[in-house]
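Engineer: Numbering (my numbering), first residue to last: 1 to 85.
The structure follows.
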Amino acid sequence: MRICGGGQIDVDSCFYGAVTVGERGQVVIPAEARTQLGINPGDKILIMRHPVYDGLVMAKLDAFRGFLDEFHQRLNKVNEMAGEE
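In structure tokens:
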């Protein structure tokens with residue numbers, strides 16, 4: 001089975017633990033997650049509501065921009081292929 005983020009998902013490798021929300025709504029991202037994901041002080045983190053489940057999804061803003069750029073490129077390719085038919 002591959003690690004979290006590749007092909008098949010190994011749930012254990014995606015789980016960093018639980019955190020407690022502080023009085024001001026703040027949470028601490030576990031050190032292991034920050035290290036593995038390259039999250040550093042000053043980085044911008046995008047917080048989104050999960051569209052189906054009652055929860056949040058977090059992603060580094062730069063990483064999410066990269067995802068959107070790749071998604072846009074693939075969508076353009078699909079549109080090009082659809083136009084050829």
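Backbone N, C-alpha and C define an ideal beta-carbon position, used for all residues, glycine too.
Note that the coordinates shown come from a computational prediction; the quantities given were computed from them, not determined experimentally.
(1) So arginine 49 is in the beta strand (DSSP E); what residue range does that whole segment cover?
(2) On the DSSP bridge assignment, give the partners of leucine 56 in chain order.
(3) So, helix, strand or coil for aspartate 10, using DSSP?
(4) Going by C-alpha distance, which of Arg34, Ala82 and Val57 is nearest alanine 43?
(5) Is the beta carbon of valine 19 less than 7 Å from the beta carbon of valine 11?
(6) Whole angstroms is fine: what's the gap from valine 57's alpha carbon to glutamate 32's?
Structural biologist: Per the coordinate set shown:
(1) By 1-based counting over the sequence shown, the position of residue 49 is 49. Start and end: 45-49.
(2) Taking the first residue of the sequence shown as 1, we reach residue 56 at position 56. Paired residue(s): Arg49.
(3) By 1-based counting over the sequence shown, the position of residue 10 is 10. Coil.
(4) Start at 1 with the first residue of the sequence shown, and residue 43 comes out as number 43. With the sequence shown as reference, residue 43 is identified as aspartate, and alanine is not the correct amino acid for it. That would be Arg34, whose Cα lies nearest to the Cα of aspartate 43.
(5) The residue given as residue 19 occupies position 19 in the sequence shown. The residue given as residue 11 occupies position 11 in the sequence shown. For valine 19 and valine 11, no; Cβs fall outside 7 Å.
(6) The residue given as residue 57 occupies position 57 in the sequence shown. The residue given as residue 32 occupies position 32 in the sequence shown. Going from the Cα of valine 57 to the Cα of glutamate 32 covers about 18 Å.
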